[in-house]
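The structure appears below as structure tokens.
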Amino acid sequence: MHPECFRIGNFVIYWYGIFVALGVVISCLLFQNSAKKNNIPEDVSGRIILYTIIFGIIGARVIHVFSYYHYYFRNPIEIIMIRNGGLAIQGGILFGILGLVYGARRTKVDVLQTLDLAAAVVPLGQAIGRIGCLLHGCCYGRSSDRWYSLKFPFLDTRVEPTQIYYFIGDLIIFLFLYLFSKDKHKNGEITAWYFIFFGSFRYWIDQFRGDLIPNAYGFYPTQVYGIICFLIGAFWIFRIFFFRQKTI
Numbered sequence: 001m002h003p004e005c006f007r008i009g010n011f012v013i014y015w016y017g018i019f020v021a022l023g024v025v026i027s028c029l030l031f032q033n034s035a036k037k038n039n040i041p042e043d044v045s046g047r048i049i050l051y052t053i054i055f056g057i058i059g060a061r062v063i064h065v066f067s068y069y070h071y072y073f074r075n076p077i078e079i080i081m082i083r084n085g086g087l088a089i090q091g092g093i094l095f096g097i098l099g100l101v102y103g104a105r106r107t108k109v110d111v112l113q114t115l116d117l118a119a120a121v122v123p124l125g126q127a128i129g130r131i132g133c134l135l136h137g138c139c140y141g142r143s144s145d146r147w148y149s150l151k152f153p154f155l156d157t158r159v160e161p162t163q164i165y166y167f168i169g170d171l172i173i174f175l176f177l178y179l180f181s182k183d184k185h186k187n188g189e190i191t192a193w194y195f196i197f198f199g200s201f202r203y204w205i206d207q208f209r210g211d212l213i214p215n216a217y218g219f220y221p222t223q224v225y226g227i228i229c230f231l232i233g234a235f236w237i238f239r240i241f242f243f244r245q246k247t248i
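If you're matching positions, the sequence shown starts at 1 in the UniProt record's numbering and goes up one per residue.
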């Protein structure tokens, strides 16, 4: 664990922010490259990216604060301290999609095609961002005695390396969707599979988390988001392959 990149007086730059920003930049560059190949001008894709990032950051922070409401209720000023860490990927994705759809409609480009272009590259950005989580010490797992468990200085026991689980899962999703996007597929299919894979991985990995408080039914809030994402993707796939066929 090494959260600080450098410090100048009281001003600190954290590795978390650097890797999250790096993940966003790389995803945006890949998106623009794919958009250009699909005859979407750079200025148009740039505007779509801007809307997506703004919506995504707001959503990521809102969901993070909601997930740790017990802490932020006692420390409300910390809600606006984003540079200290604390962005929930679920909120970033869901709100980011709203921003992308808004941007695509404003620029009059195909919404489903644009969603697919983004869904194929976003998992790589997520994977890179997880390196920041590891260095920052957030999103850690529950106590574990596995040989590959991690030890953080602020914890008494070794824990599951959930940040590494997320990194591997996001990388697998990226490789599959990016390669699949190069093959023939239906409009919106890449996005639907993204929701299914992301939701499944999040639900499974989050059971190993040690920094979350379960709800009355024994689920972590992030697992509920995972279930919602999976159901959205499953419904989307059903609609693509069955509902549309019946209406032709």
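In this text, a Cβ means the ideal position worked out from N, Cα and C, and glycines have one as well.
Owing to the predicted nature of the structure, the values given are computational and were not obtained by experimental measurement.
Separation of residue j from residue i, as counted between CA atoms
i: Ile18; j: Val109; result: 31 angstroms
i: Leu29; j: Phe11; result: 29 angstroms
i: Asp183; j: Trp236; result: 19 angstroms
i: Tyr72; j: Tyr166; result: 25 angstroms
i: Ala234; j: Gly226; result: 12 angstroms
i: Asn33; j: Asn215; result: 42 angstroms
i: Val24; j: Phe219; result: 29 angstroms
i: Val101; j: Val111; result: 6 angstroms
i: Val20; j: Thr52; result: 15 angstroms
i: Trp15; j: Phe243; result: 46 angstroms
i: Gly129; j: Leu22; result: 7 angstroms
i: Glu160; j: Ile57; result: 27 angstroms
i: His185; j: Arg105; result: 22 angstroms
i: Gln126; j: Ala35; result: 20 angstroms
i: Ala88; j: Lys37; result: 31 angstroms
i: Glu42; j: Gly86; result: 31 angstroms
i: Trp147; j: Ile49; result: 41 angstroms
i: Arg47; j: Leu150; result: 41 angstroms
Residue j beta carbon less than 8 angstroms from that of residue i
i: Phe230; j: Phe195; result: yes
i: Ile213; j: His70; result: yes
i: Met1; j: Phe198; result: no
i: Cys133; j: Asp211; result: no
i: Thr162; j: Phe95; result: no
i: Phe66; j: Leu124; result: no
From the options, residue whose alpha carbon lies closest to that of residue i
i: Ile93; options: Phe235, Arg209, Leu115 and Arg47; result: Leu115
i: Ile97; options: Ala60, Ile8, Gly129 and Tyr220; result: Ala60
i: Cys5; options: Ile26, Leu112, His136 and Gly99; result: His136
i: Gln223; options: Phe201, Arg239 and Ile240; result: Phe201
i: Ile131; options: Tyr68, Ser144, Glu42 and Ile168; result: Ile168
Near the ligand HEM: residue i beta-carbon under 7 angstroms from a heavy atom
i: Leu135; result: As for the ligand HEM, it is missing from this structure, which has no ligand bound.
Segment contact, 8 angstroms Cβ cut-off, at least three pairs: the stretch 114-124 with the stretch 182-192: yes
Uninterrupted alpha helix (DSSP H) stretches inside the stretch 62-130 (no shorter than 4 residues): 69-72, 89-107 and 111-119
Length-filtered (4 minimum) alpha helix (DSSP H) runs lying within the stretch 167-224: 189-206
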